[in-house]
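Report on the structure given below.
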Amino acid sequence: MFSTPTTLKEQFRKVLTEIATNENFLSQITSTFKLTKEKDQIVRDHYKAFSQEYIDYFIDVLDEKSVFNQKKLDQKKL
Numbered sequence: 003m004f005s006t007p008t009t010l011k012e013q014f015r016k017v018l019t020e021i022a023t024n025e026n027f028l029s030q031i032t033s034t035f036k037l038t039k040e041k042d043q044i045v046r047d048h049y050k051a052f053s054q055e056y057i058d059y060f061i062d063v064l065d066e067k068s069v070f071n072q073k074k075l076d077q078k079k080l
């Protein structure tokens, strides 16, 4: 049984992971741009490279900027 993310950091990680692993979401993105078959495949290949390692990196960078500790985001810090 999966636990529900409680912190902003955990919630953001879950959303990024779902987006990166959801084939239906990727299909919606590629169909929106009406790409050729070759370009569609390029996008799909790059999209699959968005691994958990990259997600962890982005989360860590945002955490270093204290994004997850703020109630209201300061756009100048980002």
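Here the sequence shown is numbered in our numbering, starting from 3 and rising by one per residue.
No residue lacks a Cβ here, since even glycine has one placed at the ideal position from N, Cα and C.
Compare the Cα-Cα distances from residue i to each of the options and report the closest residue.
i: residue 70; options: 35, 44, 30, 14; result: 14
i: residue 47; options: 67, 28, 59, 35; result: 28
Evaluate residue i with the Cβ neighbour count: other Cβ atoms within 10 Å of its Cβ, from every protein chain shown; 16 or more gives buried, anything less gives exposed.
i: residue 44; result: exposed
Could you spell out the range, first to last residue, of the alpha helix (DSSP H) harbouring residue i?
i: residue 19; result: 10 to 23
The stretch 44 to 62 touching the stretch 14 to 25, judged by at least three CB pairs closer than 8 Å:
yes
Taking the runs of the alpha helix (DSSP H) that are 4 residues or longer, which of them lie wholly in the stretch 32 to 66?
Runs of the alpha helix (DSSP H) lying entirely within the stretch 32 to 66, each at least 4 residues long, are 39 to 50, 54 to 66 in chain order.
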